[in-house]
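Each step along the sequence shown adds one to the number in full-length UniProt numbering, with nothing skipped, and position 200 is 200.
Remarks on the structure that follows.
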Amino acid sequence: MSGYITLNKPISEISKILKDKYNHIEDTYDKEEIKKFESLRNYINNTEKYPVKEKDVKNFIQNKDLNNMDLEVLADVEVYWLSDKCLYRYLRACKWALHDAKERLVSTLVWRREFGIVKLKEEVKDVKEREKYLGFDDISEENETGKQLLLGYDNDLRPILYLKPGRQNTKPSQMHINHLVFMLERCIDLMDENLQEKLTLLMDFKKKHDDLTGLPKTKPSMRINIQTINILQTHYPERLGKALLFNMTWVAKSVLQMSLPFMDPMTKSKIVYDVKDVEKYVQRNQLDKEYGGSILFKYEHDEYWPALKQIILEKRSKRYKDVNL
Numbered sequence: 001m002s003g004y005i006t007l008n009k010p011i012s013e014i015s016k017i018l019k020d021k022y023n024h025i026e027d028t029y030d031k032e033e034i035k036k037f038e039s040l041r042n043y044i045n046n047t048e049k050y051p052v053k054e055k056d057v058k059n060f061i062q063n064k065d066l067n068n069m070d071l072e073v074l075a076d077v078e079v080y081w082l083s084d085k086c087l088y089r090y091l092r093a094c095k096w097a098l099h100d101a102k103e104r105l106v107s108t109l110v111w112r113r114e115f116g117i118v119k120l121k122e123e124v125k126d127v128k129e130r131e132k133y134l135g136f137d138d139i140s141e142e143n144e145t146g147k148q149l150l151l152g153y154d155n156d157l158r159p160i161l162y163l164k165p166g167r168q169n170t171k172p173s174q175m176h177i178n179h180l181v182f183m184l185e186r187c188i189d190l191m192d193e194n195l196q197e198k199l200t201l202l203m204d205f206k207k208k209h210d211d212l213t214g215l216p217k218t219k220p221s222m223r224i225n226i227q228t229i230n231i232l233q234t235h236y237p238e239r240l241g242k243a244l245l246f247n248m249t250w251v252a253k254s255v256l257q258m259s260l261p262f263m264d265p266m267t268k269s270k271i272v273y274d275v276k277d278v279e280k281y282v283q284r285n286q287l288d289k290e291y292g293g294s295i296l297f298k299y300e301h302d303e304y305w306p307a308l309k310q311i312i313l314e315k316r317s318k319r320y321k322d323v324n325l
């Protein structure tokens, strides 16, 4: 088809045309905000060890009962994660309430340890340590139908994560949450954080896909929906740029309505329902044809998944070249 691009793999780099069009504006902060940032930075720099269990965070912040909790020093990759940009994200998300930002930041640090995403399994050489972390092989089965997809960048250089519940191939379980968190982490790997710290979600609620048959009938799990919203808001603050919603069925609308009370106002404000003028958000050559783009995309797991793995490992190798993984 003339004017269309055939793809079955991720787009690894932000195009020069997009970068040239993008008007990057550096964040600016007043004296009071900088003072709070410096206080948070001093706290992080002067705290040698942190808990490994989320249940210990409140006591840890209050400096209570420290002898009865397991504490570990920061890994080099955790020090890297605790960047100035990261600290500012938590302060902004907590409306500059220093104590709240401190508790939330430590909570995420500990949650990342428990969840197994401090490192990527494929990068860990020690066999015993490797089992603590999620890797591509752990998530592969969940993505066999392409129900989550990293493809393209929006007009603000945000990587786009497609969520397609109509391609669901497994029953509701903790693995659904593991899958989403893993893909969010890979989305962050694709970012050029000097230009952009946020991502765009594209959610397609179409129930049936012509290339798939025999999928199990599953109902959306409210428990998993609420847990997912909590993870996004608590542990990925200031990461969502836009959520573009397509093919809203009455079931999807009902589930969304039930989920809205659990969303903060900032998250709600980023949702775009039943997108019409898609080029307002994404150029056609960065978007699947199904949503108004010019990419003829076919998900082939044996092609896409190894390609994504290679792209991510190469990007992380460059990003963490001076970090001991």
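Even for Gly, the Cβ is constructed at its ideal location relative to N, Cα and C.
Nothing here was measured: the structure is a model prediction, and the numbers come from that model.
For Thr-249, does the count of other Cβ atoms within 10 angstroms reach 16, so buried, or fall short, so exposed?
Around the C-beta of Thr-249, fewer than 16 other C-beta atoms lie within 10 Å, and the residue is accordingly described as exposed.
Tell me the DSSP bridge mates of Gln-148?
The partner list for Gln-148 (beta bridge, DSSP) reads Leu-163.
Where the alpha helix (DSSP H) containing Thr-108 begins and where it ends
In the DSSP annotation of this structure, the continuous segment of the alpha helix (DSSP H) that includes Thr-108 starts and ends at 98-115.
Bridge partners - Met-203, DSSP secondary structure assignment:
Leu-163, Leu-245, per the DSSP bridge assignment.
Which residue comes first and which comes last in the beta strand (DSSP E) that contains Val-278?
No beta strand (DSSP E) contains Val-278, which DSSP labels as neither H nor E.
For Glu-48, I'd like the list of residues in its chain whose CB is within less than 7 Å of its CB, leaving aside the five on either flank, ordered along the chain.
Beyond the five residues adjoining it in sequence on each side, Glu-48 comes within less than 7 Å, by CB distance, of Val-73 in the same chain, given in chain order.
Taking a contact to mean a Cβ-Cβ separation below 7 Å, would you say Tyr-4 touches Leu-245 in this structure?
Against a cut-off of 7 Å, the Cβ pair of Leu-245 and Tyr-4 comes out as no contact.
What is the DSSP secondary structure of Pro-51, counted as helix, strand or coil?
In the structure shown, Pro-51 falls within a strand segment according to DSSP collapsed to helix, strand and coil.
Which same chain residues, not among the five before or five after Val-57, have their C-beta less than 8 Å away from its C-beta?
Only Pro-51, Glu-103, Val-106, Ser-107, Val-110 meet the Cβ criterion.
How would you write the range of the beta strand (DSSP E) that Ile-139 sits in, first residue to last?
Where Ile-139 is concerned, there is no enclosing beta strand (DSSP E), although the alpha helix (DSSP H) it sits in stretches over 136-139.
When the Cα atoms are used, what is the spatial distance from Cys-86 to Ser-317?
Roughly 20 Å between the two C-alpha positions.
Rounded to the nearest angstrom, what separates Leu-215 and Asp-27 at their Cα positions?
Their Cα atoms are separated by approximately 46 Å.
Less than 7 Å between the beta carbons of Arg-167 and Thr-145, yes or no?
Their beta carbons are under 7 Å apart, which means Arg-167 touches Thr-145 by this criterion.
Pairing CB atoms from the region 123-142 with CB atoms from the region 157-165, are three or more of them under 8 Å?
Contact between the region 123-142 and the region 157-165 is not established, with fewer than three Cβ pairs separated by less than 8 Å.
With distances taken from CA atoms, which of Asn-324, Tyr-320, Trp-305 is nearest Asp-138?
Among Asn-324, Tyr-320, Trp-305, the Cα nearest to that of Asp-138 belongs to Trp-305.
Extract the residue ranges of the beta strand (DSSP E) inside the region 251-309, only unbroken runs of 3 or more that lie entirely within it.
Considered as a whole, the region 251-309 harbours 295-297 as its complete beta strand (DSSP E) runs of no fewer than 3 residues, in chain order.
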